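Heads up: the sequence shown begins at 11 in the numbering used here, then just goes up one per residue.
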Amino acid sequence: MENAVHEAFALAESAASVIRAAFPAQHDMLVVLGSGWAESVPALEAMSTSPVLTLDVADIPGFKKPTALGHGGALKSIRIGTTPVLLLTGRTHLYEGRGVHAVVHGVRTAFALGCRTVLLTNGAGCLRTDWNVGTPVVIRDHINLTAHSPLTGDNAPAPLAGRFVDLTDAYNESLRALVRTVEPGINEAVYLGLHGPHFETPAEIRMAATWGAEMVGMSTVLETIAARHLGMNVLALSLATNLASGLSGNKLSGEEVIQVGKDSSKKVGDLLGRVLIAFDQQKGTLAL
Ligand code: HPA
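See the structure below:
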């Protein structure tokens, strides 16, 4: 094996063949459920127009049960209307120490299975004191401050694109417009992606605010880069689980993030369901 990038793509192919044997449908979309979103699984399962199929990620090459609080360890096949959807109930974060390729393995595996759209969700700190905690927002752009890229190393194997990936429109405008049709007035944010797992200092948040960051978290940006490298369309939604460090007078805790996620589960599950139905109904007319 030539290098880590080639190994990562080969591992995604082996994962895809295990999944193909268990889930016969050809899937169009991957949904990754982050902190605060995994509680939506029962609601999404209840909407499925085909029997729900489940794999334990531990049984799929390259995946491992996430160690992050509030993250599930399953891959599910559901169908929304006529759209087969892969649901990853938790993600690997860079701070878990498994490396950047493990973080984007779900995206690369979904691509190998034919998915061309990915919906990433996360729980994040909010820098906008005029927005409400417990409310979902659409990510319109990001700042990647993880100091990593999934494209580090040799070029990916042909015929995949080269490494100088354009991120001008990383978060697909027509998918963002679709969310605005189902949730008029939803806020759109610049998401700052950091390595974590510690929360930020108030000074870091003040700095981030001057850069134009509106949400801050420890995920999503690397998956988006990997997806755009593969030409996949990306939609990303954040749940504001807390005001960012120094903005509320409160200390931050992982437990608070989980609790706000639990309290918001009905709201985010309902939004996800409506977004997926709208995608199913309008996918033929979207500029993807
Ligand atoms: N900072 C970073 N990541 C987060 C936060 C935060 O305030 N809340 C949830 N994930």
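All C-beta atoms, glycine included, are put in the ideal place defined by N, C-alpha and C.
Computed from a predicted structure; not experimentally measured.
- prompt: Taking the alpha carbon of residue 78 as the point to measure from, which residue in 268, 61 and 163 has its own alpha carbon closest?
  reply: It is 268.
- prompt: Using the C-alpha atoms, what's the distance from residue 166 back to residue 11?
  reply: Since pLDDT at residue 11 reaches only 44, below the 50 mark, its modelled position is unreliable, and the value read off the structure follows with that caveat. Taking the straight line from one Cα to the other gives about 12 Å.
query: Any idea which residues DSSP pairs residue 136 with across the strands?
result: By DSSP's assignment, residue 136 forms a beta bridge with 225 and 253.
- request: Identify, in the order they occur along the chain, each residue of the same chain with its Cβ nearer than 8 Å to the Cβ of residue 103, setting aside the five sequence neighbours on each side.
  value: 76, 78, 113, 206, 207, 228 and 229
task: Can you grab the Cα-Cα spacing for the pair residue 22 / residue 139, in whole Å?
output: 41 Å
task: Could you have a look at residue 147 and say whether DSSP puts it in helix, strand or coil?
output: strand
message: Here's the rule: buried if 16 or more other CB atoms are within 10 angstroms of the residue's CB, otherwise exposed. What is residue 174?
response: Its Cβ having fewer than 16 others within 10 Å, residue 174 is exposed.
message: At a threshold of 7 Å, does residue 217 count as lining ligand 1 (C-beta to nearest heavy atom)?
response: no
query: Three or more C-beta pairs closer than 8 Å, one from the region 175-188 and one from the region 89-105: is that the case here?
result: no
field: Where the alpha helix (DSSP H) through residue 273 begins and ends
entry: 264-273
field: Simplified DSSP assignment, three categories, for residue 118
entry: helix
- prompt: Would the C-beta of residue 223 count as close to ligand 1, meaning under 7 Å from any of its heavy atoms?
  reply: no
- prompt: Skipping 5 residues on each side, what residues in its chain have a beta carbon closer than 6 Å to that of residue 45?
  reply: 80, 133, 267 and 271
task: Sort 40, 116, 153 and 120 by Cα distance to residue 221 and report the nearest one.
output: 153
query: In chain order, what residues of the same chain have a beta carbon less than 7 Å from the beta carbon of residue 283, not counting five sequence neighbours either side?
result: 53, 54 and 57
query: Is the beta carbon of residue 40 sitting closer than 8 Å to the one on residue 82?
result: no
message: Quick check on DSSP: helix, strand or coil for residue 70?
response: Secondary structure of residue 70 (DSSP, three-state): coil.
message: Less than 8 Å between C-beta atoms, sequence neighbours within five positions excluded: which residues of the same chain meet that for residue 194?
response: none
- request: Output yes or no for whether 8 Å exceeds the beta carbon distance between residue 171 and residue 279.
  value: no
field: Check: residue 119 C-beta below 7 Å from any heavy atom of ligand 1
entry: no
task: Pull up the distance between the alpha-carbon of residue 84 and that of residue 135, whole angstroms please.
output: 25 Å
- request: Identify which residue in 47, 137 and 164 has its Cα closest to the Cα of residue 14.
  value: 164
query: In chain order, what residues of the same chain lie with their CB nearer than 6 Å to the CB of residue 127, ignoring the 5 residues before and after it?
result: 39 and 243
message: On the DSSP letters alone, give me the boundaries of the alpha helix (DSSP H) that residue 215 sits inside.
response: Unbroken alpha helix (DSSP H) run through residue 215: 212-220.
- prompt: What's the gap between the Cα of residue 247 and the Cα of residue 213?
  reply: The straight-line gap from Cα to Cα measures roughly 26 Å.
- prompt: Is any heavy atom of ligand 1 found at a distance shorter than 7 Å from the C-beta of residue 133?
  reply: Residue 133 Cβ: within cutoff of ligand 1.
task: Output the boundary residues of the beta strand (DSSP E) element that contains residue 95.
output: Annotation for residue 95: the continuous beta strand (DSSP E) segment containing it runs 93-98.
field: Sub-8 Å separation of residue 162 and residue 226 beta-carbons
entry: no
query: If you draw a straight line from the alpha carbon of residue 91 to that of residue 145, how long is it in whole angstroms?
result: Going by the C-alpha atoms only, they are around 26 Å apart.
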